[in-house]
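K.L.:
So the number in the working numbering is just where the residue sits in the sequence shown, counting from 1, plus 590.
Each residue gets a CB set at the ideal place from its N, CA and C atoms; glycine is no exception.
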Amino acid sequence: MPNQENAHRLVGTLIKTSLVDFPGRVAAAVFLRGCNLRCPYCYNTELLSLDESQDSDEWVSLEAILSHLQKRKKVLTALTISGGEALLNPVLTQLISAAKQMGYLVKLDTNGLFPQKLKDLWLQPQTRPDYIAMDIKTSLENYKLLGCTDTVETVRTKLSQTISLMQTYPQDAREWRTVLVPPLVKKEDIANMAALLPPDAAWYFAPFRNDHCADKSYEDIEVYSDSQMNELVTFAKTLRYNAQMR
C-alpha cells in the first residue's frame, strides 16, 4: 500500500476498465497530473498542473487506484499509465512497483523528453515498464510551439536517448504515436520524425480532434480529410514500413 505521504494525494484520473489502452490486454488506465508541455491541441488540460488545489470530482487518490487494482485482479491483467507526462508525477515509481507486485503488466506513455527518469525506472526490475509508448509530436524545430523551452539539439538528444532505450524492448512492446494536427504534421515533419525512429518502428497515427483544445484557435483549424490522412500515412510508410492509422 502507498506510504502515508502519498496515500491520499489526488494524483489523476482512472479509467477502471479499458480495451484500447494496452494492446491485447484488458487494462485499467491512469492519467497522472503534471506536464512539461503545453500542446495547443491538448484536450486534457486539467492534467497539465500538479497543483493539488485545482480540485475536480474526477481526481482519484493513489490509494483508490491500488484498491481498484487489487479488487479487479481476476479481470484485469494490465495497467496503462499516461498523463499529462507521467514521468513528472512523484507517485509514479510507487504506482508501477505496487502494480507489478500484484502481477500486472505496466505500459507507460511518455513524450520522450525525460530519458534519465525513464532509465531510472528501467534499471530496476520492480519499476521497469513492460511496454513503452512514446508520443513523437512534430518535427524537432516545432517543439517550441508545444511550450518546450529546450533547444532543437537538446530535444533531438532527449528523444534519441528515449528511443534508444525503447529499442532494448521487443518490437511488440514499444510503439510511437503521432496526432495528425495540420499545422504541425505535414510531409516534411513526418520525414523529420521518421529520421529519429528505428526502421521497424510501430508508428501509429491518429486524427486530430478540433474540440476542447487548450489553444482555442486550434478549434478553428480544419482537420485533415480521410484522403489527406491516408496520403500522409502512406508517405510515412515509405519511410518506416510499420506506420499505420489507429
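1. Quick check on S807: does DSSP put it in helix, strand or coil?
2. From what residue to what residue does the beta strand (DSSP E) around I605 run?
3. For L609, count neighbouring C-beta atoms within 10 Å of its own C-beta (all shown protein chains included) and say buried if the count is 16 or more, exposed if not.
4. Closer than 7 Å by C-beta to E809: which residues in its own chain qualify, once you throw out the five before and the five after it? Chain order, please.
5. Go ahead and label Y733 buried or exposed: buried means 16 or more other beta carbons lie within 10 angstroms of its beta carbon, across all protein chains shown.
6. Hey, could you find the ends of the alpha helix (DSSP H) I780 is sitting in?
7. List the endpoints of the continuous beta strand (DSSP E) containing W793.
8. In terms of residue numbering, what span does the alpha helix (DSSP H) encompassing S750 cover?
9. Could you say if the segment 719-732 and the segment 690-705 meet the contact criterion of at least three C-beta pairs nearer than 8 Å?
10. For D647 and T824, I'd like the C-alpha separation in whole angstroms.
11. Considering E765, what are the terminal residues of the beta strand (DSSP E) in which it resides?
12. Would you check if the segment 678-692 and the segment 736-747 touch, i.e. whether three or more CB-CB distances between them fall below 8 Å?
13. Could you tell me how far apart the beta carbons of S657 and A619 are, in whole angstroms, since I believe they sit closer than 8 Å?
14. Quick one, which of E675, N679, G674 and K663 has its alpha-carbon nearest L652's?
15. Below 8 Å on the Cβ atoms is my contact criterion, and I expect T728 with V775 to pass it. Report the Cβ-Cβ distance as a whole number of Å.
P.N.:
Short version:
1. As a working note, residue 807 is residue 217 in the sequence shown. In the structure shown, S807 sits in a helix (DSSP, three-state: H, G or I).
2. Walking along the sequence shown from the start, residue 605 turns up at place 15. Per DSSP, I605 belongs to the beta strand (DSSP E) from L600 to S608.
3. Taking the first residue of the sequence shown as position 1, residue 609 is located at position 19. Exposed.
4. As a working note, residue 809 is residue 219 in the sequence shown. The residues are N800, D801 and C803.
5. One-based indexing of the sequence shown puts residue 733 at position 143. Y733 is buried by the Cβ-count criterion.
6. To locate residue 780, count along the sequence shown from 1; it is residue 190. From DSSP, the alpha helix (DSSP H) with I780 extends over K777 to A784.
7. By 1-based counting over the sequence shown, the position of residue 793 is 203. W793 to P797 is the span of the beta strand (DSSP E), which, as asked, contains W793.
8. For the purposes of this step, residue 750 is taken as the residue at position 160 of the sequence shown. Looking at the DSSP string, the run of the alpha helix (DSSP H) that includes S750 is V742 to M756.
9. yes
10. Indexing the sequence shown from 1 puts residue 647 at position 57. Indexing the sequence shown from 1 puts residue 824 at position 234. So the alpha carbons of these two residues sit roughly 42 Å apart.
11. Within the sequence shown, residue 765 is the residue found at index 175, counting from 1. Run containing E765: R764 to L770, per the beta strand (DSSP E) assignment.
12. no
13. Residue numbering aside, residue 657 sits at position 67 when the sequence shown is read from its first letter. Residue numbering aside, residue 619 sits at position 29 when the sequence shown is read from its first letter. S657 to A619, Cβ: 16 Å. No contact.
14. Mapped onto the sequence shown, residue 652 falls at position 62. When each option's Cα is compared against that of L652, the closest is N679.
15. Taking the first residue of the sequence shown as position 1, residue 728 is located at position 138. Taking the first residue of the sequence shown as position 1, residue 775 is located at position 185. Contact flag correct, Cβ pair sits at about 6 Å.
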